[in-house]
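Student:
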Amino acid sequence: MKKKEEIRRGDLYINIPERAVYKRGKKIELTNKEFEILVLLASNPGKVYTKDKLLDLIWGVDFYGDANTVTVHVRKLREKLEDDPANPQYIFTKWGAGYYMK
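Letter by letter, the sequence shown follows residues 1 to 102 in full-length UniProt numbering.
1. Here's the rule: buried if 16 or more other CB atoms are within 10 angstroms of the residue's CB, otherwise exposed. What is residue 64?
2. Drop a sphere of 10 angstroms on the beta-carbon of residue 61, count the other beta-carbons inside from all chains shown, and report buried for 16 or more, exposed for fewer.
3. Can you find a CB in chain C that lies within less than 7 angstroms of the CB of residue 20?
4. Hey, how far is the Cα of residue 24 from the Cα of residue 95?
5. Give the DSSP bridge partners of residue 57, in chain order.
6. As an exercise, report each continuous alpha helix (DSSP H) stretch of at least 4 residues that is fully enclosed by the UniProt domain "OmpR/PhoB-type" (4–102), in chain order.
7. Just how far apart, CA to CA, sit residue 16 and residue 57?
8. Give the C-beta separation of residue 90 and residue 12 to the nearest angstrom, bearing in mind that I take them to be a contact with Cβ-Cβ under 8 angstroms.
9. Does residue 74 pass the burial test, meaning 16 or more other C-beta atoms within 10 Å, or should it be called exposed?
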């Protein structure tokens, strides 16, 4: 099965080989971890990932940080992507469960 090379979610365009993200045609600069979180969530619409699962998948099971690391990265990602980070249109929180994209 061929891996996706690009993902579109609303007015977001993610070019995976170039590690580039565009919103309404404007390039958004992301850190490596922010990009990896975005690609994982966008590649699996509707799937809810707990903070611990994201920590394992993105940072690796040997990482000794805590779930707050994920919270901070998602907050920064929202600040870069969302028109209003307090009312997200891309990355949603399922309270008590985790994060997801539609």
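Note that the Cβ used here is the ideal one computed from N, Cα and C, for glycine as well.
Tutor: In brief:
1. exposed
2. exposed
3. Reference to chain C is not applicable here, since this structure consists of a single protein chain.
4. 29 angstroms
5. Answer by DSSP bridge pairing: none, since residue 57 is not bridged.
6. 32–43, 51–54 and 68–81
7. 17 angstroms
8. 6 angstroms
9. buried
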